[in-house]
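Peer 1: Residue numbers (UniProt numbering): 1 to 1027.
Structural data, given as structure tokens:
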């Protein structure tokens, strides 16, 4: 019978490592007092630094080894093993190296020889303390003799310094990695020299045949382990070996702890992070954290580096890493590796690595991290002043540049100005050709738009200009070189590689940076939740529904535009003092009775409102209710700009004034203190806001898609005392929220793509409208694409004059046919969006499209603003008669079942226009009461809107409406509407079932829909509903 003992597990690991570059180091050679293997350490120094040894030997004679070991231990105890490994230690004025790491190039043969001389060793059953020595650790009754005697299963050392320990467990003998974690906590005394934080061993692994856990700091029962697993089927854990030859955890010793990999970890990954914290009394203190990369971070960085070396410059990479993935560290490691990356011919691959970020914390963290690797200043430059500073950094090819995207549009002007200041003749305003790696933090907000094109144009430099000149000459348009440069900047460039990070990619993100619509590397939301790095914010999700009835109390019953009036009535309801007061009571009482006791009494909440005025009203209502109740709760509000009161003429509000003088930049820090518990927001702090004490979110606005995920994810940051989160939603349907999160839960997928045919159809329709003429486009572009050196202030008036005729035609068109004018403007915007997208993913060579894009982009800005339609105020005509706020559902929203929807990209707009119909105010109030006085939710209302839209698009119904009376039309409608319902059964099964099974419900719905569709079709009998 085969043996399944832990010793056999050890033997498998040992055999593999010994066969792949490790040496076997006897536990008898370990010095417990020094906590290292002295003979090996001295041997490495003698072998690799004989001259230094000879100098020291002249001073110390036979005591040389003892003196070196003494100084080595002092430096290890003072500065830690990681710093000594990287930068050496001093012995009587001489710098000695205790390790040599692989250089970025192979120009120095001695370095390569020293690297090969590194002795990476494995020791089984190492006794780390002398038998006579008593440990401070306390042992349970079932503690093994080996544990009591201070014996580690496996110890890995580098040149005699122990750096990694492993405790192994075998589930076949009823022990798992959980037992190994317990053993580390209970049996491994952190005061022993070998375990003291950062002084000798740097990482400790609890390993069984299924999973791996890791920690860098032993602290008794407070020891915190991180999962160190590959992930399996989008979640936590490890996959089985595809060849069924070994354990699920074999990647640990076959890959991560492999000789070159381990040396690379010590050289380029591990780093000491020093965080400044505040205690409960507000006093600052520093906390040291030794960072060891998690498996997905290590894999992502190494795969990116390997692909970059193999593929060269000019490729894009999308890294889809969830919140909680440790993205800042991943970016730091990748940045450092790319900056020092060389080809096999020992040529540096990138002149500069440019990190695009809006996060203030990232730049300092990058500088601190990279300084630990390089130990020299000037490698990293943070652009914190202006575009001139960025221009100089790019000119000087600073290895690592950290900046925002918004500074790039001004660099070209700065280059010309700098050249003029230096009196350089023939200055072009272009950078010398640079090979750049661009790392984008939060790619979903950075990959499109003209500012991103400016970045590519600036970094394209002289090479891009040369390509544009060549193309202009080929086309016989030498004066339009700037046009061809603009076109070339949109497509991929051979001197630029992009590395884009995001947790929630859009369709554009996947297309721009992905490969066949897939991310280069993924770490999913599901895995982050299952591994405990973020909270599952949908575990406790409660929804409320508002039921109400309005009454029309005026003698007049005017006709009103349906859509505008419905919006006004909705606004009337949302801002009604009773509605605000009732929801305030629910929120404050919930916070007072439940939330405030969470996270050790430190929990905070966020209220997400639907508008800036709503945020003002809620702030006033919150403060009044809290004051009346005498609760120890204080709130802050966050909104942009100045808000005008809709009731008091001339009364305005600002965020700073409502927060008692707290400035905008101070708000996050003040909210983090004990003084404030609730933050009310309107379009602020819904992305990028990290506050681990945020436990509860009250939602009173419509959320959908990526916005729902980003907003609700403000709750997902972990805290040692944070056990759960809570969402109370007054507006959204649970299924809509589930759909939004499901898209990103196990990784996003790209759906249907836009095609060039759609683009050409749009521009054909726009051209044929006669709003603008080809000669006007050419005249505008001749000025716009002038070389930078020939541009003047008079160009602005000339471009305006070139746009004016088209503006006049549009204004006349708008007067004659407002609906078609709106459609034309929609098509213009659709063309702009589609061209901006497709021109970056398809190598267009159509200068006519580029000229029209530039012309229409500027024309769009000059056209008169859209008519906002009638603005209604029903305060004197409408009253709230009935109001009820009712809890509808509570519990978790399960994301594990079903499949996520694919992400959709930009498309051409449809040609049909919904004419704004009028209705009597009292009739509209009845319709709204019938909707909001029943149990229909927003999904139901959307479903009926979709049914109406499908009916309007039916050519059969269009013909029937034109040729029949209302009653005859109704007969045909009832035949067709049933098939429309059946086609949409999966969109709302509850309504479908009631329609098919409830005759009275079917009759009411069919008659109402028939009348609605018939009237709309009659209103459009003179114009097509759908092409």
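Backbone N, C-alpha and C fix where the C-beta goes; we use that ideal spot for every residue, glycine too.
Indicate whether residue 98 and residue 24 have their beta-carbon atoms separated by less than 7 Å.
Peer 2: No.
Peer 1: Quick one: Cα of residue 119 to Cα of residue 464, how far?
Peer 2: Looking at the two C-alpha atoms, the distance is approximately 49 Å.
Peer 1: Using the three-state DSSP reduction, which class does residue 239 fall into: helix, strand or coil?
Peer 2: Coil.
Peer 1: Considering only residues of the stretch 10-69, which uninterrupted beta strand (DSSP E) runs meet the minimum length of 3 residues and lie entirely inside it, listed in chain order?
Peer 2: Qualifying beta strand (DSSP E) stretches: none in this window.
Peer 1: What does a CB cutoff of less than 6 Å around residue 890 pick up in its chain, not counting 5 residues either side in sequence?
Peer 2: Here the set comprises 542.
Peer 1: Can you list, in chain order, the stretches of the beta strand (DSSP E) that have 3 or more residues and sit fully within the stretch 841-905?
Peer 2: Complete beta strand (DSSP E) runs here, min 3: 878-889.
Peer 1: Taking 6 Å as the limit between beta carbons, can you name the residues of its chain near residue 403, skipping five residues before and five after?
Peer 2: Contacts found: 383 and 390.
Peer 1: Using only alpha-carbon positions, find the residue among 271, 341 and 325 that is nearest to residue 304.
Peer 2: Cα-wise, what sits closest to residue 304 is 341.
Peer 1: Alpha carbon to alpha carbon, what distance is there between residue 331 and residue 262?
Peer 2: For residue 262 and residue 331, the distance between alpha carbons rounds to 20 Å.
Peer 1: Find out if the Cβ-Cβ distance for the pair residue 895, residue 742 is shorter than 7 Å.
Peer 2: Against a cut-off of 7 Å, the Cβ pair of residue 742 and residue 895 comes out as a contact.
Peer 1: Using 8 Å as the Cβ pair cut-off and three pairs as the minimum, do the stretch 210-218 and the stretch 174-185 touch?
Peer 2: Taking 8 Å as the limit for Cβ pairs, the verdict is that the stretch 174-185 does touch the stretch 210-218.
Peer 1: Assign residue 835 to buried or exposed, taking buried as 16 or more other Cβ atoms, counted over all protein chains shown, within 10 Å of its Cβ.
Peer 2: It is buried - the Cβ of residue 835 has at least 16 other Cβ atoms within 10 Å.
Peer 1: What does DSSP give as the partner residue(s) for residue 551 in the beta ladder?
Peer 2: Looking at the DSSP assignment, residue 551 forms a beta bridge with 879.
Peer 1: State the Cα-Cα distance for the pair residue 245 and residue 505, rounded to the nearest angstrom.
Peer 2: Their backbone Cα atoms lie some 37 Å apart in a straight line.
Peer 1: Considering just the uninterrupted stretch of the beta strand (DSSP E) at residue 559, what are its terminal residues?
Peer 2: It spans 559-561 - the beta strand (DSSP E) in which residue 559 sits, taken as one unbroken run.
Peer 1: Using the C-alpha atoms, what's the distance from residue 41 back to residue 129?
Peer 2: Those two C-alpha atoms are separated by around 19 Å.
Peer 1: Please classify residue 189 as buried or exposed, where buried requires at least 16 neighbouring CB atoms within 10 angstroms.
Peer 2: Residue 189 should be labelled buried.
Peer 1: Under a three-way DSSP split, which group does residue 624 fall into?
Peer 2: The answer is helix: DSSP assigns residue 624 an H, G or I state.
Peer 1: Got a sec? Which residues, its chain only, sit under 6 Å from residue 1 by beta carbon, not counting five neighbours each side?
Peer 2: With a pLDDT of 38 at residue 1, under the threshold of 50, the predicted position of this residue should be treated as unreliable, though the coordinate-derived value follows. Around residue 1: no qualifying Cβ.
Peer 1: Could you tell me the boundaries of the alpha helix (DSSP H) in which residue 774 lies?
Peer 2: Its alpha helix (DSSP H) spans residues 774-784.
Peer 1: Taking buried to mean at least 16 other C-beta atoms within 10 Å of its own C-beta, is residue 747 buried or exposed?
Peer 2: Buried: at least 16 other Cβ atoms inside 10 Å.
Peer 1: Quick check: the Cα distance between residue 562 and residue 1015, rounded to an integer number of angstroms?
Peer 2: Spanning the two alpha carbons is a distance of roughly 13 Å.
Peer 1: With a 10 Å radius around its C-beta and 16 neighbouring C-beta atoms as the bar for buried, classify residue 862 as buried or exposed.
Peer 2: Under this definition residue 862 is an exposed residue.
Peer 1: Tell me the residue span of the alpha helix (DSSP H) that contains residue 1029.
Peer 2: No answer is possible for residue 1029: the residues shown for the chain start at 1 and end at 1027.
Peer 1: Between 258, 67 and 27, which lies nearest to residue 150 when the distance is taken from Cα to Cα?
Peer 2: It is 27 whose Cα lies nearest to the Cα of residue 150.
Peer 1: Counting Cβ pairs, one atom from each stretch, are 3 or more of them under 8 Å apart for the stretch 844-852 and the stretch 510-520?
Peer 2: Contact fails: fewer than three Cβ-Cβ distances are below 8 Å.
Peer 1: Is the number of C-beta pairs between the stretch 523-540 and the stretch 767-787 that are closer than 8 Å three or more?
Peer 2: No: fewer than three Cβ pairs fall under 8 Å.
Peer 1: Which word fits residue 274, buried or exposed, when buried means at least 16 other C-beta atoms lie within 10 angstroms of its C-beta?
Peer 2: That one is exposed.
Peer 1: Per DSSP, what are the beta-bridge partners of residue 157 in this structure?
Peer 2: Paired residues: 121 and 162.
Peer 1: Using 10 angstroms around the beta-carbon of residue 471, count the other beta-carbons present and answer buried if the total reaches 16, otherwise exposed.
Peer 2: Buried, since its Cβ has 16 or more Cβ neighbours within 10 Å.
Peer 1: What residue range does the alpha helix (DSSP H) around residue 745 cover?
Peer 2: Where residue 745 is concerned, the enclosing alpha helix (DSSP H) stretches over 734-745.
Peer 1: Are there 16 or more other CB atoms within 10 angstroms of the CB of residue 5, so buried, or fewer, so exposed?
Peer 2: Under this definition residue 5 is an exposed residue.
Peer 1: For residue 703, which of 727, 63 and 722 has the nearest alpha-carbon?
Peer 2: Checked all of 727, 63 and 722; the closest Cα to residue 703 is 727.
Peer 1: With 16 other CB atoms within 10 Å as the buried threshold, where does residue 652 fall?
Peer 2: Answer is exposed; the Cβ neighbour count stays below 16.
Peer 1: Could you give the uninterrupted runs of the beta strand (DSSP E) lying entirely in the stretch 249-328, keeping only those of 3 residues or more?
Peer 2: Runs of the beta strand (DSSP E) inside the stretch 249-328: 271-278, 284-291 and 316-321.
Peer 1: With distances taken Cα to Cα, identify the nearest neighbour of residue 725 among 643, 605, 783 and 684.
Peer 2: Out of 643, 605, 783 and 684, 605 has the C-alpha closest to the C-alpha of residue 725.
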